[in-house]
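Asker: Protein sequences appear in the order of chains A and B.
Counting in our numbering, the first sequence runs from 1 upward without gaps.
Counting in our numbering, the second sequence runs from 1001 upward without gaps.
Ideal Cβ placement from N, Cα and C applies to all residues, glycine included.
Quick one: the structure is below, questions incoming.
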Amino acid sequence: MTLDPDSPSGLIVEPDHGTPASPLAPAVTLTIDGKHVSVPAGTSIMRAASLAGTDIPKLCATDMLKAFGSCRVCLVEIEGRAGTPASCTTPVAEGMAVRTRSDRIDRVRRGVMELYLSDHPENCRDDAAGRDCSLHDVAEQVGLTEVRYGTGGRNHLAAPIDDSNPYFLFDPAKCIVCSRCVRACDEIQGTFALTIGGRGFASHVSASQEQPFLASECVSCGACVQACPTSSLVEKRVFEVGEPERSAVTTCAYCGVGCAFKVEMRGEDVVRMVPWKDGKANHGHSCVKGRFAWGYANHKERILNPMIRGSIDEPWREVSWDEAIAHTASEFRRLQAKYGTRAVGGITSSRCTNEETFLVQKLVRAGFGNNNVDTCARVCHSPTGYGLKTTFGTSAGTQDFDSVEQSDVIVVIGANPTDAHPVFASRMKQKLRQGARLIVIDPRRIDLVRTPHVEADYHLPLKPGTNVAVLTAMAHVVVTEGLVDEAFVRERCELDDFREWAEFAARPEHSPEAMERYTGVAPADLRGAARLYTTGGNAAIYYGLGVTEHSQGTTAVMAIANLAMATGNIGRPGVGVNPLRGQNNVQGSCDMGSFPHELSGYRHVSDPAARDMFERLWGSPIDREPGLRIPNMLDAAVDGVFKGLYVQGEDILQSDPNTRHVAAGLAAMECVVVHDLFLNETANYAHVFLPGSTFLEKDGTFTNAERRIQLVRKVIEPRCLYADWEATQLLARALGLDWNYTHPSQVMDEIAAVTPTFSGVSFARLDALGSIQWPCNDKAPEGTPVMHVDHFVRGRGKFVITEYVPTDEKIGPRYPLLLTTGRILSQYNVGAQTRRTDNVVWHDEDLLEIHPNDAEDRGIGDGDWVKLASRAGETSLRAKVTARVAPGVVYTTFHHPDTQANVVTTEYSDWATNCPEYKVTAVQVSPSNGPTDWQEAYEAQASHSRRIAASEAAE
Amino acid sequence: MTAERGQDLAAGGTARSGHTLERLVYMANQIAREFGNQRPGDSVEATWDHLWHFWDPRMRALIVSHWQSGGEGLVDIARAAVAKLASPQAPEPQTKATEFNRAGDHEDGRDLMSDAG
């Protein structure tokens, strides 16, 4: 990165070489203004010049987009060629001699710029966004000093501003119709929401069919805003706060993609988050959440002072940090003295940093003296951990995101990337538009099945809960049709296991035809999909919680691994098994030893050598027994033996299954400590509230779904005084632990010392390299993009028999429909952050998607209130009648506490890990007048519990 | 070590756990059924190993105590596995899922266990 010389305060300005890098290898040598330059073949003259230090003026060109050649200010002269070709669209050639300046070129450029400026607001530079408009800079660059045409002619200066989008506006008066925004929407985001309407002088940027941006197909990813060279498309915040003065590179705190952003600041205010081009996960792209939805950091409901209360019936009482910490420590010690060492525990946050997570599990193990620590991975990808560890030797995703560029076949199972992992979905769609084939296995017709210029070759709309049956039937096709990559299996896998598995898969009862009665998938489609996966070239599987959140989640993960091994789709770019992680740091929270049976580095607590390493470093004994997982903690609480819980950055009451049981567990505890930004739902049952800090307020690291560790940089002081790691340290010290960290980098040094896969990681290395994919150690000092390259981590890959076992959650006359749950683009998880932003304009309530046939049977119309009832409970919400779901299946999101979708989900869980079976609940849907009694009672309890006593006047 | 674990088990059990016990029996049967399908030859050992490595002392104590009083509801594989759990012996790891990294066991830098979610 380079600093803008005009900006002494340090705004990060990234170079723009005008056109993308060429992937070709052979070098071509040419001269530019007499200087010899050597660049890869296929490079544009503009880029070659830029790399050599010559900045050719440009408006329609940016290295984020393919060359377009419309603005005509980048013209050059080439010896031996006629005319003045555009340098952005003209590739270099061996021996070429280019002149970037001459009287003729200068004259043409000035003429072009004069015309542009004659139809551009004269006072453009005066407003806060003026700095973002490069028109005047380019005019200066080409030496234009006056516009001879005046402003009296026809122009676009009175065109109305479109400010329908909550985050950015479009001012057509400043637009030069360079198409950068249109191309960004097409090439980068892949939504194709923008176009150029009209012709000639009437040409203009149009969202959808001349609609306001908000009403159009626009998904508000911000790519157009970033691409705009004239501030015609600009963030509203720039006008609200003023132009940015300083910036830092940091990592988004939303999903597991882990986008890198420049956070631009004015004083203590965030002006905007702009995706960073050097971010290895996002390459300069973003989505509506990371780009725009960070306003929750200053939301009025944020709690900034510690609070305590004797019981959850009492209002909260604001206290000093000292009092809150001393009270908490004394309560935990009291509970342990009365009920035993193992009567308390903690939950680490997959939204907090690695360093904070490491400290919370250290607090539990070294301070509480037990292993009762867990994290939200319990309810999302814990089956990935068990399944991929069994088959490959490690659960980590096998690839980096860039790998998708080398895929020929992409399989998406139980994931909805365009909503839940949008920035990676855009990468995936780029590859699909280039011709990669697509198989979608999902009960719903997710957007990827058919979206502009993308259409799945196969969509297998399986019945919820039958992943294992579908995957085993695919294995049947692979084995019985002679599609196994025998050389790979022989060289890389356990042969006895393979033979058993092949014999199992080949049985007639596993054929697609036999399995259809369970799966509902047409056998011909399933056979076609299996053949395409096997024979279509590099094939990569991406999967999400639709695979894991089942009673056979772990089995399904192993079935996926079996397929990848049998077809040799492991160990090189373009292939692999890729779990798409939900939260920003869920990979990291697991790596850091957040599970009750494992220390960091994934060593079981029963291993004396591993315990010894930590005991010597920490000076505290480590319990040799595995601790309680979250659902086990709640069971033990209801039983009266688990009494205290420290919850950092997690809202288990809303996110975990069977809300009534979670509430009963929390209500049975004597000290629940919630450490969070807001009074979340769990806080309704808390006795201590410690205010949390946002990712803007602390240093640290997040680890994304591709094992990439990236720095989070503090840009403002913690509004509540202490960053989360500091608060945890205060509590540890109050419990008698001698912790003296003064910066999170020291925590990372400790992590590296005890975690072999992190041994080469430090803040200094991360700063130097930008990011590191673990494992990073002496053997791989710069990290590891692709895993299992020469051999599996476990040695030889292990095939596991995956017999389909139907879930015990069955439909019947009383509950004839299957409910499955998921996310939507604009909201995130329990919605604690996104509900407190303008993202609610896209989604302000959870809706129940129901097929028209099922709706008609029940007399339900679009938008009607319906009651959703299961064996566990009932709630009400409004219906959305749509054919996206199959008959017999209904779907909703869980972003809003008013809906409480998890009131109806059950306690069934994955056999190996207790990951809840969120994706299958037998339900009935019926017309309703509005909220159920339970919802009203819940709301009453919540508002009663959230009361904060008025603080006493100072003496 | 194994003897001490046995003592922990004895100390862990408590009453008031009807719902929990029902769940534990259900979970043990679920595990047993999977290993019965996956590895018919050593499903009891695999189930034992799983319970030993993933269940906390109180959960193990509850299921052992339930087995000692008749073990109602436990399927055969689960019943045999819980019987083994009641002994002070530690199981040999049956699956790589429970054969964890050991400290100092990282000579090629590739033993990368992860349970991420």
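Can you check which of these residues, GLY153/A, ILE32/A and VAL423/A, is closest to ALA223/A by C-alpha distance?
Answerer: VAL423/A
Asker: For GLY345/A versus PHE368/A, is the C-beta spacing smaller than 8 Å?
Answerer: yes
Asker: Kindly provide the ranges of any beta strand (DSSP E) runs that are 3 or more residues long and lie completely inside the region 228-296 of chain A, ordered along the chain.
Answerer: 233-235, 246-251, 260-266 and 269-275
Asker: Have a look at LYS262/A and ALA664/A and give me their C-alpha separation to the nearest angstrom.
Answerer: 44 Å
Asker: On a CA-only basis, which of TYR542/A, THR567/A and GLU706/A is nearest GLY536/A? Give me that one, please.
Answerer: THR567/A
Asker: Identify each residue in the region 794-812 of chain A for which the Cβ-Cβ distance to at least one residue of chain B is less than 7 Å, and report them in chain order.
Answerer: Within the region 794-812 of chain A, the residues whose Cβ lies closer than 7 Å to some Cβ of chain B are ARG794, LYS798, VAL800, ILE801, GLU803 and VAL805, listed in chain order.
Asker: Got a sec: is the Cβ-Cβ distance from GLU1072/B to anything in chain A below 8 Å?
Answerer: no
Asker: Can PRO166/A and HIS156/A be called in contact, C-beta distance under 8 Å?
Answerer: Judged by their CB atoms, PRO166/A and HIS156/A are not nearer to each other than the 8 Å cut-off.
Asker: What residue from TYR815/A, ALA540/A, ASP103/A and ASP656/A has the CA that sits closest to THR84/A's CA?
Answerer: The shortest Cα separation from THR84/A among TYR815/A, ALA540/A, ASP103/A and ASP656/A belongs to ASP103/A.
Asker: Under the three-state reduction of DSSP, which class applies to GLY1012/B: helix, strand or coil?
Answerer: Summary for GLY1012/B: the model assigns pLDDT 34, below 50, so the residue's position carries little reliability; its value from the coordinates is reported in the next sentence. Here GLY1012/B sits in helix by DSSP.
Asker: Please classify ASN839/A as buried or exposed, where buried requires at least 16 other C-beta atoms within 10 Å of its C-beta.
Answerer: buried
Asker: Beta carbon of GLY1090/B, beta carbon of TRP1052/B: below 8 Å?
Answerer: Here residue 1090/B turns out to be Ala, not Gly, going by the sequence shown. At a Cβ-Cβ threshold of 8 Å, ALA1090/B and TRP1052/B count as neighbours.
Asker: With a cut-off of 8 Å, do at least 3 Cβ pairs link the region 708-717 of chain A to the region 330-338 of chain A?
Answerer: no
Asker: When you compare each of GLY582/A, ALA329/A and PRO383/A to LEU825/A by their alpha carbons, which one comes out closest?
Answerer: GLY582/A
Asker: Please state whether DSSP places ALA436/A in a helix, a strand or coil.
Answerer: In the structure shown, ALA436/A sits in coil (DSSP, three-state: anything other than H, G, I, E or B).
Asker: If we require 4 or more residues per run, which alpha helix (DSSP H) segments fall completely within the region 451-514 of chain A?
Answerer: Residue ranges of uninterrupted alpha helix (DSSP H) with 4 or more members, entirely inside the region 451-514 of chain A and ordered along the chain, are 467-480, 486-492 and 495-506.
Asker: Where DSSP assigns a beta bridge to ARG603/A, which residues make up the other side?
Answerer: LEU599/A
Asker: Give a yes or no on whether the C-beta atoms belonging to LEU233/A and PHE168/A are separated by under 8 Å.
Answerer: yes
Asker: List the residues of chain B that THR251/A touches, going by C-beta distances under 8 Å, in chain order.
Answerer: Neighbours of THR251/A on chain B: none; closest Cβ ~17 Å, over 8 Å.
Asker: For ASP1105/B, is the classification buried or exposed, using 16 other Cβ atoms within 10 angstroms of its Cβ as the cut-off for buried?
Answerer: With a pLDDT of 40 at ASP1105/B, under the threshold of 50, the predicted position of this residue should be treated as unreliable, though the coordinate-derived value follows. The residue is exposed, with fewer than 16 neighbouring Cβ atoms inside 10 Å.
Asker: Any beta-carbon of chain A closer than 8 Å to the one on ASP1056/B?
Answerer: yes
Asker: So TYR116/A is in the alpha helix (DSSP H); what residue range does that whole segment cover?
Answerer: That run of the alpha helix (DSSP H) goes 103-118.
Asker: Would you mind working out which of LEU679/A, LEU737/A and PRO657/A sits nearest HIS299/A, comparing C-alpha positions?
Answerer: LEU679/A
Asker: For ASN316/A, which of helix, strand or coil comes out of DSSP?
Answerer: Residue identity check: residue 316/A is Trp in the sequence provided, not Asn. DSSP places TRP316/A in strand when its eight states are reduced to three.
Asker: So for GLN583/A, helix, strand or coil by DSSP?
Answerer: strand
Asker: Check ILE1063/B in the structure and name its three-state DSSP category.
Answerer: helix
Asker: According to DSSP, simplified to helix, strand and coil, what is LYS174/A?
Answerer: helix
Asker: Would you mind telling me which residues of chain A sit closer than 7 Å to ARG1033/B, beta carbon to beta carbon, in chain order?
Answerer: VAL805
Asker: Give, in chain order, every residue of the region 308-342 of chain A whose Cβ lies closer than 8 Å to some Cβ of chain B.
Answerer: ARG342
Asker: Contact criterion: CB-CB distance below 8 Å. Does ARG1023/B meet it with respect to chain A?
Answerer: ARG1023/B counts as touching chain A.
Asker: Would LEU460/A and LEU363/A qualify as a contact pair, given that the criterion is a beta-carbon distance under 8 Å?
Answerer: Cβ distance not < 8 Å, so LEU460/A and LEU363/A don't count as in contact.
Asker: In the DSSP assignment, what residue or residues form a beta bridge with ARG969/A?
Answerer: This structure gives no information on residue 969/A, because the portion of chain A shown stretches from 1 to 955.
Asker: Between the Cα of ILE1063/B and the Cα atoms of SER1043/B, GLU1045/B and LEU1085/B, which residue gives the shortest distance?
Answerer: LEU1085/B
Asker: Can you pull out the residues from the region 1063-1094 of chain B whose beta carbon lies closer than 7 Å to at least one beta carbon of chain A?
Answerer: none
Asker: I'd like to know whether the C-beta atoms of ILE413/A and TYR533/A end up nearer to each other than 8 Å.
Answerer: no
Asker: My guess is that CYS60/A and SER206/A are in contact by the Cβ rule of under 8 Å, so how many angstroms apart are they, rounded?
Answerer: Contact flag wrong, Cβ pair sits at about 18 Å.
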